[in-house]
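A short worksheet on the structure shown next.
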Amino acid sequence: MSPAAARPVTATVSAAGSVTLLPLPPGHDPALDYARPDMELLVWQTVQALGGVTSWSYSVIEGDPPGWLSTTYVQVDCRAGSRHDAAARADAARQAICALPWATSWPHGVVCRVVVAEGPFWLPDPDGAPRYVARYALTAHPAA
Amino acid sequence: MASTFRVTNPEAPRLAVDPNMREKADQVAHDASALTPVLTGQLAASWTVEKSHEASYRVSTDVPYARYVEYGTRFMRGAAMMGRALARARHE
């Protein structure tokens, strides 16, 4: 077993809270084993104060150069009692997320670029509850 | 020294990249199909590629509930099969 393969990097957490560390898979590039900024958490911390908002990440793509830049795709759902309020909430979320590259108080990394991949667009839930959906691509690198 | 160029076919740049765009569209459709959750298989089998015009393709499905599988609802998380396929295609 190579030294890289012996390094535990993947952690799974059980319901009881115990952590199991797994070895690197064969052929894994150690250069890609770096602590990426948690963009999903940053987006959630940015929008949670708006209320009625949920956010989740659906894809993370290694950037160029690899081992430094990564792009995280995040979906943000904004709900409210009326379509008008949901739209206003979605617009506030968009403004807050698009301002992240200029935020300087984040210790875990630097947000280089934010692109609105989709929306915000009107997509009510199946039961008719008002919702606006938007997707963002956030490119970031770890703190130097 | 000045040069003069005459454009004989304004569509030439689009014609040149059309095969690559077709290949990319096929890849997106294939990835979206592979990433689609399967219960009956109807949605996974429904992804189609249509040519809009030169170097422009549309990957779509006509299954009515596809939007809820893609984006989720307040009762279930979305699968984001098209979002993930597009993210992969954008960075390749």
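Line by line, the protein sequences give chains A and B. If you use our numbering, the first sequence closes out at 144, no skipped numbers anywhere. If you use our numbering, the second sequence closes out at 1092, no skipped numbers anywhere. We put the CB at the ideal spot given by N, CA and C, even for glycine. Model, not experiment: these values are computed from the prediction.
Based on DSSP bridge pairs, tell me the residues matched to SER59 (chain A). Note: SER59 (chain A) sits in a beta bridge opposite A:TYR73.
Local conformation of ALA35 (chain A) per DSSP, three classes: Coil at ALA35 (chain A), not helix or strand.
Neighbour flag for THR1061 (chain B) against chain A, beta carbons, 8 angstroms: Not an interface residue.
Return the residue from the list A:ARG89, A:GLU118, A:THR72, A:TRP68 that minimises the CA-CA distance to LEU50 (chain A). If we check each option's Cα against that of LEU50 (chain A), A:ARG89 comes out closest.
Quick one: is SER70 (chain A) buried, meaning 16 or more other Cβ sit within 10 Å of its Cβ, or exposed? Around the CB of SER70 (chain A), 16 or more other CB atoms lie within 10 Å, so the residue is classed as buried.
Please return the same chain residues whose Cβ sits closer than 7 angstroms to the Cβ of ALA86 (chain A), not counting the five positions on each side in sequence. Exclusion of the five residues before and after ALA86 (chain A) leaves CYS78, ARG79, ALA80, PRO130, ARG131, TYR132 as the residues of its chain whose Cβ lies within less than 7 angstroms of its Cβ.
Below 6 angstroms CB to CB, which residues in the same chain sit around ALA5 (chain A) once its five sequence neighbours on both sides are set aside? Low per-residue confidence applies at ALA5 (chain A): pLDDT is 42, beneath 50, and the placement is therefore not dependable, though the value from the model is reported in the following sentence. Apart from sequence neighbours up to five positions away, the residues of its chain that approach ALA5 (chain A) with a beta-carbon distance below 6 angstroms are PRO23, LEU24, ordered along the chain.
Where ALA92 (chain A) and ALA1012 (chain B) are concerned, what is the direct C-alpha to C-alpha distance, given to the nearest angstrom? In a straight line, the C-alpha of ALA92 (chain A) is about 43 angstroms away from that of ALA1012 (chain B).
Does the count of Cβ pairs from the stretch 105-119 of chain A and the stretch 1015-1034 of chain B closer than 8 angstroms reach three? They do not touch, by the three-pair rule.
Say whether chain D places a C-beta atom closer than 8 angstroms to the C-beta of THR1073 (chain B). The structure shown contains no chain D; its protein chains are A and B.
Where does LEU100 (chain A) fall in DSSP's three states? Residue state, collapsed to three classes: helix.
Answer yes or no: does any C-beta atom of chain B fall closer than 8 angstroms to that of SER59 (chain A)? With 8 angstroms as the cut-off, SER59 (chain A) counts as an interface residue toward chain B.
Taking 8 angstroms as the threshold (beta carbon to beta carbon), is TYR1068 (chain B) in contact with chain A? Answer yes: the Cβ-Cβ gap between TYR1068 (chain B) and chain A drops below 8 angstroms somewhere.
Per-residue contacts from ARG135 (chain A) into chain B (C-beta, under 8 angstroms): Identification of chain B residues near ARG135 (chain A) by a Cβ-Cβ cut-off of 8 angstroms yields GLY1083, ordered along the chain.
So which residues of chain B does ALA129 (chain A) contact, with C-beta pairs closer than 7 angstroms? Chain-ordered, the chain B residues with CB closer than 7 angstroms to the CB of ALA129 (chain A) read ARG1074.
When you compare the CB of TYR73 (chain A) with every CB in chain B, is at least one pair closer than 8 angstroms? The beta-carbon of TYR73 (chain A) is placed less than 8 angstroms from the nearest beta-carbon of chain B.
Under 9 angstroms, CB to CB, which of the residues in the stretch 1033-1051 of chain B have a partner in chain A? Taking 9 angstroms as the Cβ-Cβ cut-off against chain A, none of the residues of the stretch 1033-1051 of chain B qualify.
Less than 8 angstroms between the CB atoms is what I'm expecting for VAL111 (chain A) and VAL74 (chain A), so what's the real figure, rounded? Actually they do not touch by this definition, with Cβ atoms about 12 angstroms apart.
Should HIS1091 (chain B) be flagged as near chain A, meaning a C-beta pair shorter than 8 angstroms? Yes, HIS1091 (chain B) lies at the interface with chain A (some Cβ there is under 8 angstroms from its Cβ).
Residues near ILE61 (chain A) in its chain [Cβ-Cβ closer than 6 angstroms; skip 5 each side]: If we look at ILE61 (chain A) and ignore the five residues flanking it on each side, its Cβ neighbours are THR71.
Using 8 angstroms as the limit for Cβ to Cβ distance, is TRP56 (chain A) near chain B? For TRP56 (chain A), the nearest CB of chain B lies under 8 angstroms from its own CB, placing it at the interface with that chain.
Interface partners of PRO37 (chain A) on chain B, CB under 9 angstroms: Here the premise fails: no neighbours, minimum Cβ distance about 17 angstroms.
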